[in-house]
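Read through the structure below, which is laid out as structure tokens, and then see the notes.
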Amino acid sequence: MDKDVEKVSFDENKLASSDTPGSSTTATDDSQESAKTRLLEEIYRINERLVNVGVELDSDEDAARGREGITVKCSFMPVRLTGPLELLLDTMLPLPPLRLLILDDYPESSPVIINDLVTYEREETEEISEEVKERFNRHIGALSEPICLQEMAGSWQFFITEVINEYGQKLGYPTFSSKK
190 MDKDVEKVSF DENKLASSDT PGSSTTATDD SQESAKTRLL EEIYRINERL
240 VNVGVELDSD EDAARGREGI TVKCSFMPVR LTGPLELLLD TMLPLPPLRL
290 LILDDYPESS PVIINDLVTY EREETEEISE EVKERFNRHI GALSEPICLQ
340 EMAGSWQFFI TEVINEYGQK LGYPTFSSKK
């Protein structure tokens, strides 16, 4: 994981507002803090369910491109790989994460997909990443709005697993699962 990415863990003390007696906050500040707390709790629940994808807050300020909201990323972190497929993926990782902008009115609005311009070191990584993005975008585009973060993260995991399994099968490697 990137050193500049905040790993989300459910800790009541971390989620508590930074308000202390005597400090002044506005209703907007309280509302934003409450929204962030709810988002952190949702991310925690999502991470409990997913196996090969981790959802975390992204501290990359440039990712939001000046828009208001919280940037989240879904990173592929395979944990159920062994043998040749594991060795193959080690040469291709990391696959670029899915970056999402969570707007202030979430969950009334869907997370916004942030399209990063990515430079790939290996052709196989680019092929897999582009195929995952294509399938993911087609699937998300067919869903009714608003779409929740859990649906997006789960779909991202599903399509990464599916595409990597197909790629591995072409090369004669065993498949892996994203089920707990």
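Residue numbers (my numbering): 190 to 369. Note that CB positions come from ideal geometry on N, CA and C, so glycine has one too.
Rounded to whole angstroms, E313 and L278 show a C-alpha spacing of 10 angstroms. In this structure L239 touches Q346 by the C-beta definition: roughly 5 angstroms separates them, less than 8 angstroms. DSSP places R288 in the strand class (E or B) of the three-state scheme. Less than 7 angstroms divides the Cβ of R288 from the Cβ of K262.
Annotation note: the stretch 294-331 contains the following uninterrupted alpha helix (DSSP H) runs of length 4 or greater, listed N- to C-terminal: 312-331.
With 16 or more other Cβ atoms inside 10 Å of its own Cβ, E245 counts as buried. I336 sits away from S298, with the two beta carbons spaced by 7 angstroms or more. Approximately 12 angstroms separates the beta-carbon atoms of I303 and L292; this is outside 8 angstroms, ruling out the contact. C263 is bridged by DSSP to V244 and L287. A distance of 7 angstroms or more separates the beta carbons of V242 and A331.
In this structure, D294 is the residue among E237, D294 and L276 with its C-alpha nearest to the C-alpha of K225. Going by C-alpha positions, E222 is about 12 angstroms away from G258.
The alpha-carbon separation between P296 and I329 amounts to approximately 16 angstroms.
Excluding sequence positions up to five before and after Y309, its CB lies within less than 6 angstroms of the CB of E315, all in the same chain and listed in chain order.
In this structure, DSSP gives S223 a helical state, which the three-state scheme calls helix.
One Cα belongs to V301, the other to G361, and the distance between them is close to 37 angstroms.
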